[in-house]
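S.K.:
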Amino acid sequence: SLVSQSPLPTGYKRNGDNGIWSSWEHLQPPGMTYPDILNGVYMSEALNPVFVDNFERDPTLTWQYFGSSTGFFRLYPGIKWLPDENGVISFDCRNRGWYIQAATSPKDIVIIVDVSGSMKGLRMTIAKHTIVTILDTLGENDFVNIIAYNDYVHFIEPCFKGILVQADRDNREHFKQLVDELQAKGVGTVNKALTESFKILREFRDAGQGGLCNQAIMLITDGAVEDYEAVFEKYNWPDRKVRVFTYLIGREVTFAPNVKWIACNNKGYYTQISTLADVQENVMEYLHVLSRPMVINHDHDIIWTEAYMDSALPQSEELFASQAQSLLLMTTVAMPVFSKKNETRSHGILLGVVGSDVPLRELLKLAPRYKLGVHGYAFLNTNNGYILSHPDLRPLYKEGKKLKPKPNYNSVDLSEVEWEDQDEILRTAMINGETGYLSMDVKVPVDKGVRMILLRSHKGRGNGC
1 SLVSQSPLPT GYKRNGDNGI WSSWEHLQPP GMTYPDILNG VYMSEALNPV
51 FVDNFERDPT LTWQYFGSST GFFRLYPGIK WLPDENGVIS FDCRNRGWYI
101 QAATSPKDIV IIVDVSGSMK GLRMTIAKHT IVTILDTLGE NDFVNIIAYN
151 DYVHFIEPCF KGILVQADRD NREHFKQLVD ELQAKGVGTV NKALTESFKI
201 LREFRDAGQG GLCNQAIMLI TDGAVEDYEA VFEKYNWPDR KVRVFTYLIG
251 REVTFAPNVK WIACNNKGYY TQISTLADVQ ENVMEYLHVL SRPMVINHDH
301 DIIWTEAYMD SALPQSEELF ASQAQSLLLM TTVAMPVFSK KNETRSHGIL
351 LGVVGSDVPL RELLKLAPRY KLGVHGYAFL NTNNGYILSH PDLRPLYKEG
401 KKLKPKPNYN SVDLSEVEWE DQDEILRTAM INGETGYLSM DVKVPVDKGV
451 RMILLRSHKG RGNGC
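Taking full-length UniProt numbering, the leading residue of the sequence shown gets 1, the next gets one more, and so forth.
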């Protein structure tokens, strides 16, 4: 969509040959295009003048964008999107953390996967891909565990037996490795797996742990023939506090009514996944279901993501004046977009998510430097205790002559750089959103980390990201 000419954000190259145009808004559809996507494209054209006006009023803005629930991505200023090595542009905004966090509230998820003998071959491959895709929709505010079942029930990570763990990057990657090792054998009995899942979710809910919002069970199977109604009567009915989403793997429809009944009677969603190509679209449906209460209540919650580097754009390095600028840490502020039509309000229709990238250095400019003192510094962390910005955060390493981000650069805990001599007073206070001042003893490395000294530090706390 062509929009009026306006200047570019500081640091961007202006030449269209370098892949960026301030006079254009870019639309990137997902892999498959449907009529709903085309309708959404026309509907969202009203955002064009809004994006331009926002930038004219605040020239420090970088990217502004709208991610649709149907998959297309509207971006300002526009870029020339480059395909990957296979000649494919496969970007789907619905997989990005900012979209997922804004579209749903925190959630506790137990994934149950059928590993009986009937799941051998392609079905097991599809099931594994489905689990990995579900894990990719989770973030730091979510909690998860995975149960595999056949003749017996077992947690794929024995150390996590009977609990939920935070779905941070490290835990998600660990689960993915374990999922890849699953093998199909034996006979599937889903009742015990459902019972174990409901018990975990109930214990966490009663103890005030976990996400304290949505709870769901994801059942991945090629069929269910047991009498499982008694399990739901005991653990989930009539309140139905836990939603059950079912994924029927394979082309067989013999057991489809049973699997669909499980989802429909537990406020969930049923879908059949026949091929690997079906996985992405079908998995994303659960996010729309979990967003319905928020949409119906019109809760426009604003979210801030963890720190990240702008790696989603394949040519991001080319869009900046230098490689150092392209590796600057960013955060995204985003919020959901709802349908306000009276006739569809009760349906809870999520149109998408709107967001904008904010360089962390812009946020740090808000710190009153004249109050910090000679050795004072400002830092930011998330509600989970992970650092957004800190003088001792070193997110990059050198590989030859190139700078590269460390694998866990955005999941460094505050306690790893602020070494308190006693309990984690500062970290706890910041996570709880407290404001004010405190004094505490901290350990400070000197002589390149060879020695430690104990200093009295004075900290001021304020609500931020």
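Using N, Cα and C, we set each Cβ at its ideal position, and we do this for glycine too.
Here the structure is a predicted model, which means the values were calculated and not measured.
Quick one: using the 10 Å Cβ neighbour count with 16 as the cut-off for buried, is VAL59 buried or exposed?
M.R.: For the purposes of this step, residue 59 is taken as the residue at position 59 of the sequence shown. In the sequence under discussion, the amino acid at residue 59 is Pro, which differs from the Val named in the question. The residue in question, PRO59, is exposed, as its Cβ has fewer than 16 Cβ neighbours within 10 Å.
S.K.: Confirm the yes/no value for this check: CB of ASN214, any heavy atom of the ligand ADP, distance under 7 Å.
M.R.: Questions concerning the ligand ADP fall outside what the structure shown contains, since it holds no ligand whatsoever.
S.K.: ASN171 and VAL179: beta carbons closer than 8 Å?
M.R.: Taking the sequence shown and counting its residues from 1, the one referred to as residue 171 is at position 171. Taking the sequence shown and counting its residues from 1, the one referred to as residue 179 is at position 179. Not in contact: ASN171 and VAL179 (Cβ atoms no closer than 8 Å).
S.K.: Around the Cβ of VAL283, are there at least 16 other Cβ atoms within 10 angstroms (buried) or fewer (exposed)?
M.R.: By one-based count along the sequence shown, residue 283 stands at place 283. VAL283 should be labelled buried.
S.K.: Go through its chain and collect everything with a Cβ distance to ASN54's Cβ below 7 Å, but skip five positions before and after it.
M.R.: Mapped onto the sequence shown, residue 54 falls at position 54. Answer for ASN54: LEU61, GLN64, listed in chain order.
S.K.: Using a threshold of 8 Å, state whether the C-beta atoms of LEU47 and PHE66 are closer than that.
M.R.: As a first step, residue 47 must be located in the sequence shown, where it is residue number 47. As a first step, residue 66 must be located in the sequence shown, where it is residue number 66. Result yes, Cβ atoms of LEU47 and PHE66 sit closer than 8 Å.
S.K.: Leaving out five residues on either side along the sequence, give the residues of the same chain with a beta carbon under 8 Å from the beta carbon of LEU396.
M.R.: Your numbering for residue 396 matches position 396 in the sequence shown. Contacts found: LEU327, LEU403, LYS404, PRO405, LYS406, TYR409.
S.K.: If we count Cβ pairs, one from each stretch, closer than 8 Å, do we get three or more for the stretch 203–217 versus the stretch 135–146?
M.R.: Cβ pair count under 8 Å is three or more, so yes.
S.K.: Is the stretch 71–86 close to the stretch 361–377, with three or more CB pairs under 8 Å?
M.R.: Segments in contact, no.
S.K.: Residues in its own chain within less than 7 Å of GLY186 by CB, not counting five upstream and five downstream?
M.R.: Within the sequence shown, the letter at position 186 stands for residue 186. Excluding positions up to five away in sequence, the list reads SER116, GLY117, ASN150, ASP151.
S.K.: In the DSSP assignment, find the unbroken beta strand (DSSP E) run with PHE245 in it and report its ends.
M.R.: By 1-based counting over the sequence shown, the position of residue 245 is 245. From DSSP, the beta strand (DSSP E) with PHE245 extends over 243–249.
S.K.: Could you tell me which residues DSSP puts in a beta bridge with ILE156?
M.R.: Walking along the sequence shown from the start, residue 156 turns up at place 156. In DSSP, ILE156 forms no bridge with anything.
S.K.: DSSP three-state call for ALA148: helix, strand or coil?
M.R.: Residue 148 sits at position 148 when you count from the first residue of the sequence shown. Residue state, collapsed to three classes: strand.
S.K.: Considering only C-alpha positions, which residue in the set HIS154, ALA103, ASN191 is nearest to ASN214?
M.R.: To locate residue 214, count along the sequence shown from 1; it is residue 214. Considering only alpha carbons, the answer is ALA103.
S.K.: Short check: CB of VAL244 to CB of ILE220, under 8 Å?
M.R.: The count along the sequence shown starts at 1 and reaches residue 244 at position 244. The count along the sequence shown starts at 1 and reaches residue 220 at position 220. No. Outside cutoff.
S.K.: What residue range is occupied by the uninterrupted alpha helix (DSSP H) comprising VAL295?
M.R.: Here residue 295 corresponds to residue number 295 of the sequence shown, with the count starting at 1. From DSSP, the alpha helix (DSSP H) with VAL295 extends over 279–296.
S.K.: Who pairs with SER389 in a beta bridge, going by DSSP?
M.R.: Along the sequence shown, read from residue 1 onward, the residue named residue 389 stands at position 389. Per DSSP, LEU380.
S.K.: Would you please state the rounded distance, in angstroms, between the beta carbons of TRP98 and THR305? I believe it to be under 8 Å.
M.R.: Counted from its first residue, the sequence shown places residue 98 at position 98. Counted from its first residue, the sequence shown places residue 305 at position 305. 5 Å between Cβ atoms; contact.
S.K.: At the level of alpha carbons, what is the spacing between GLU420 and ASN384?
M.R.: The residue labelled residue 420 in the question sits at position 420 within the sequence shown. The residue labelled residue 384 in the question sits at position 384 within the sequence shown. Each residue's Cα considered, the two are about 18 Å apart.
S.K.: State buried or exposed for PRO359, treating a residue as buried only when at least 16 other CB atoms are found within 10 Å of its CB.
M.R.: On the sequence shown, position 359 is the one that residue 359 refers to. Answer is buried; the Cβ neighbour count reaches 16.
S.K.: Please name the residue, chosen from VAL412, VAL225, THR428, that lies closest to ALA307 on a Cα-to-Cα basis.
M.R.: One-based indexing of the sequence shown puts residue 307 at position 307. Cα-wise, what sits closest to ALA307 is VAL412.
S.K.: Run through DSSP, which three-state label would ARG74 get?
M.R.: Reading the sequence shown from its first residue, position 74 is the one you call residue 74. Three-state DSSP puts ARG74 in a strand.
S.K.: Taking C-alpha atoms, which residue in GLU252, LEU287, GLY268 lies nearest to THR275?
M.R.: In the sequence shown, residue 275 corresponds to position 275, counting from 1. Of the candidates GLU252, LEU287, GLY268, the one whose C-alpha sits nearest the C-alpha of THR275 is GLU252.
S.K.: Under a three-way DSSP split, which group does GLU424 fall into?
M.R.: Sequence index remark: in the sequence shown, residue 424 carries index 424 (1-based). The answer is coil: DSSP assigns GLU424 none of H, G, I, E or B.
S.K.: If you drop the 5 nearest sequence neighbours on each side, which residues of the same chain put their C-beta closer than 6 Å to that of PRO391?
M.R.: Taking the first residue of the sequence shown as position 1, residue 391 is located at position 391. If we look at PRO391 and ignore the five residues flanking it on each side, its Cβ neighbours are TYR377.
S.K.: In angstroms with no decimal places, state the Cα-to-Cα distance between ALA193 and THR130.
M.R.: Here the question's residue 193 lines up with position 193 in the sequence shown. Here the question's residue 130 lines up with position 130 in the sequence shown. Approximately 18 Å between the Cα atoms of the pair.
S.K.: Where do the ends of the beta strand (DSSP E) carrying THR130 lie?
M.R.: On the sequence shown, position 130 is the one that residue 130 refers to. Run containing THR130: none in the beta strand (DSSP E); it sits in the alpha helix (DSSP H), 122–136.
S.K.: Could you tell me which residues DSSP pairs with ILE336 in its beta bridges?
M.R.: Here residue 336 refers to the residue found at position 336 of the sequence shown. Note on residue identity: the sequence assigns Pro, not Ile, to residue 336. Answer is VAL353, bridged to PRO336.
S.K.: Locate the alpha helix (DSSP H) running through SER197, then write down its first and last residues.
M.R.: Counting from 1 along the sequence shown, the entry for residue 197 is found at position 197. Element bounds for SER197: 190–206.
S.K.: What is the residue span of the beta strand (DSSP E) that ASN214 lies within?
M.R.: What you label residue 214 is simply residue 214 of the sequence shown in a count that begins at 1. ASN214 -> beta strand (DSSP E) spans 214–221.
S.K.: Consult DSSP for TYR269 and reduce its assignment to one of helix, strand or coil.
M.R.: Residue 269 sits at position 269 when you count from the first residue of the sequence shown. In the structure shown, TYR269 sits in coil (DSSP, three-state: anything other than H, G, I, E or B).
S.K.: Per the contact definition of three or more C-beta pairs closer than 8 Å, is the stretch 287–306 in contact with the stretch 332–352?
M.R.: They touch, by the three-pair rule.
S.K.: Could you say if the stretch 335–349 and the stretch 290–297 meet the contact criterion of at least three C-beta pairs nearer than 8 Å?
M.R.: yes
S.K.: Alpha carbon to alpha carbon, how far is TYR386 from GLN325? Give it in angstroms, no decimals.
M.R.: Position 325 of the sequence shown, counting from 1, holds the residue named residue 325. Position 386 of the sequence shown, counting from 1, holds the residue named residue 386. With a pLDDT of 46 at GLN325, under the threshold of 50, the modelled position of that residue is not reliable, and no figure is offered here.
S.K.: Measure how close the beta-carbons of ASN265 and GLU226 come, nearest whole angstrom, since I'm counting them as under 8 Å.
M.R.: Indexing the sequence shown from 1 puts residue 265 at position 265. Indexing the sequence shown from 1 puts residue 226 at position 226. In fact, because the Cβ distance is near 15 Å, the residues do not count as touching under 8 Å.
S.K.: Considering Cα atoms alone, identify which of GLY348, PHE198, THR428, ASP108 is closest to TRP237.
M.R.: Within the sequence shown, residue 237 is the residue found at index 237, counting from 1. It is PHE198.
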